[in-house]
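Chemist:
In our numbering, the protein residues as written are 1448 to 1840.
See below:
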């Protein structure tokens, strides 16, 4: 692979990570308007995205397998075109059923990114933690950009523009990707730049079983806090949220933008220190923050939420490095696909839990208390990871 091809491929991988995290956060901001437009409760509105979120994870193993067996670049092209088209068509929907259908379509094609794009990034990286951190910045700021752009487009146009505009941008990116691919400027590599020592089958099974639990914990916390934040800020920020949807979405954007940028630091730590320690520490810090967030309001709520989300997404470089270290290279796409069944598929119960608990209790206290308990489960599971001293990068 030429240096130009490598740089372009990594660039499209990073921008693709941002795009993959647009459709759900855009919807959660739009949901503040859709509640009135569709005459549905908050809980009913957020269920419209559940099938899309589910496919975002459940379809990932198939996408990863196709990336391993067929073509990672071919799958990335399908990701751009499918996800972009789905968002545009969501904006043209005229009923709850159509919105749910096109969000599901978007989730299906968005599922391609994580198993294919991240496996490709790892294949072409020497300092994996750092590169995963850089890539994570794009994924982390995605929800922030989505929330801010959605709030502005809704403020000046309507909820439809919040889907159509970013969808069109993704389609144009896909067209550019296909042009570069057709001209041979971007080519595909199948060889890892960094080779890890082989692991025993017992170690691989142990790590994957433990990560099955911890990844589900991380995913449920992420999936539940994402739809909660816009409404949480709208309700608890008092004068700061007098600006309505735009003000609430701006606060959400600040949280995710900060969390995204901090993933570089998280990636450097994953390269320099023991992955097990770093990974467990993220759960240790999340548990009390989630518990305290249940009763906070005003500026304190924003600060705690910002730190809480930063730590949640900051766990990903260590988590992905653990998975990359113990997954066989030829099946890495499939392994990451299995991960994202949990991270975005099964953990979609977090979205349903958020909506159901809000409708039942009229607030978010019980939700955050439940998420704190889930973080404690993550601590207990993480302690079962193999002890292994890292070699500093």
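The beta-carbon is built from N, C-alpha and C at its ideal position, and this holds for glycine as well.
When burial is assigned at 16 or more other CB atoms within 10 Å of the CB, is residue 1722 buried or exposed?
Modeler: buried
Chemist: Measure the Cβ-Cβ separation of residue 1754 and residue 1736 and say whether it is below 8 angstroms.
Modeler: Yes. Within cutoff.
Chemist: Between the stretch 1611-1625 and the stretch 1487-1503, can you find at least three pairs of beta-carbon atoms closer than 8 angstroms?
Modeler: no
Chemist: Have a look at residue 1824 and residue 1740 and give me their C-alpha separation to the nearest angstrom.
Modeler: 18 angstroms
Chemist: Considering only C-alpha positions, which residue in the set 1632, 1747 and 1546 is nearest to residue 1475?
Modeler: For residue 1475, the closest C-alpha among the options 1632, 1747 and 1546 is that of 1546.
Chemist: Excluding the 5 residues flanking residue 1480 on each side, which residues of the same chain have their C-beta closer than 7 angstroms to its C-beta?
Modeler: Correct list, in chain order: 1601, 1606 and 1692.
Chemist: Does the separation of the CB atoms of residue 1796 and residue 1667 fall below 8 angstroms?
Modeler: yes
Chemist: Please name the residue, chosen from 1818, 1526, 1473 and 1728, that lies closest to residue 1613 on a Cα-to-Cα basis.
Modeler: Minimum Cα distance to residue 1613 is reached at 1473.
Chemist: Would you kindly work out how many angstroms separate the C-alpha atoms of residue 1523 and residue 1604, rounded to a whole number?
Modeler: 31 angstroms
Chemist: So, helix, strand or coil for residue 1537, using DSSP?
Modeler: helix
Chemist: Which whole runs of the alpha helix (DSSP H) in the stretch 1503-1575 are 4 residues long or more, in chain order?
Modeler: 1507-1516, 1519-1538, 1543-1557 and 1566-1570
Chemist: I'd like the span of the alpha helix (DSSP H) that includes residue 1719, first residue to last.
Modeler: 1710-1719
Chemist: Work out the CA separation of residue 1554 and residue 1680 for me, nearest whole Å.
Modeler: 26 angstroms
Chemist: For residue 1584 versus residue 1708, is the C-beta spacing smaller than 8 angstroms?
Modeler: yes
Chemist: Taking residue 1462 as part of the alpha helix (DSSP H), name the residues at either end of that continuous run.
Modeler: 1450-1467
Chemist: What three-state label does DSSP hand residue 1794 in the structure shown?
Modeler: helix
Chemist: For residue 1750, name the three-state secondary structure that DSSP assigns.
Modeler: Looking at residue 1750 - three-state DSSP - the assignment turns out to be helix.
Chemist: Note down, in chain order, each residue of its chain lying with its Cβ closer than 7 angstroms to the Cβ of residue 1525, except the 5 sequence neighbours on either side.
Modeler: 1556 and 1559
Chemist: Hey, residue 1674 and residue 1798: beta-carbon distance below 8 angstroms or not?
Modeler: yes
Chemist: Assign residue 1760 to one of two classes, buried (16 or more other C-beta atoms within 10 Å of its C-beta) or exposed (fewer than that).
Modeler: buried
Chemist: Taking 8 angstroms as the threshold, find out whether the stretch 1757-1771 comes into contact with the stretch 1709-1717 through three or more Cβ pairs.
Modeler: yes
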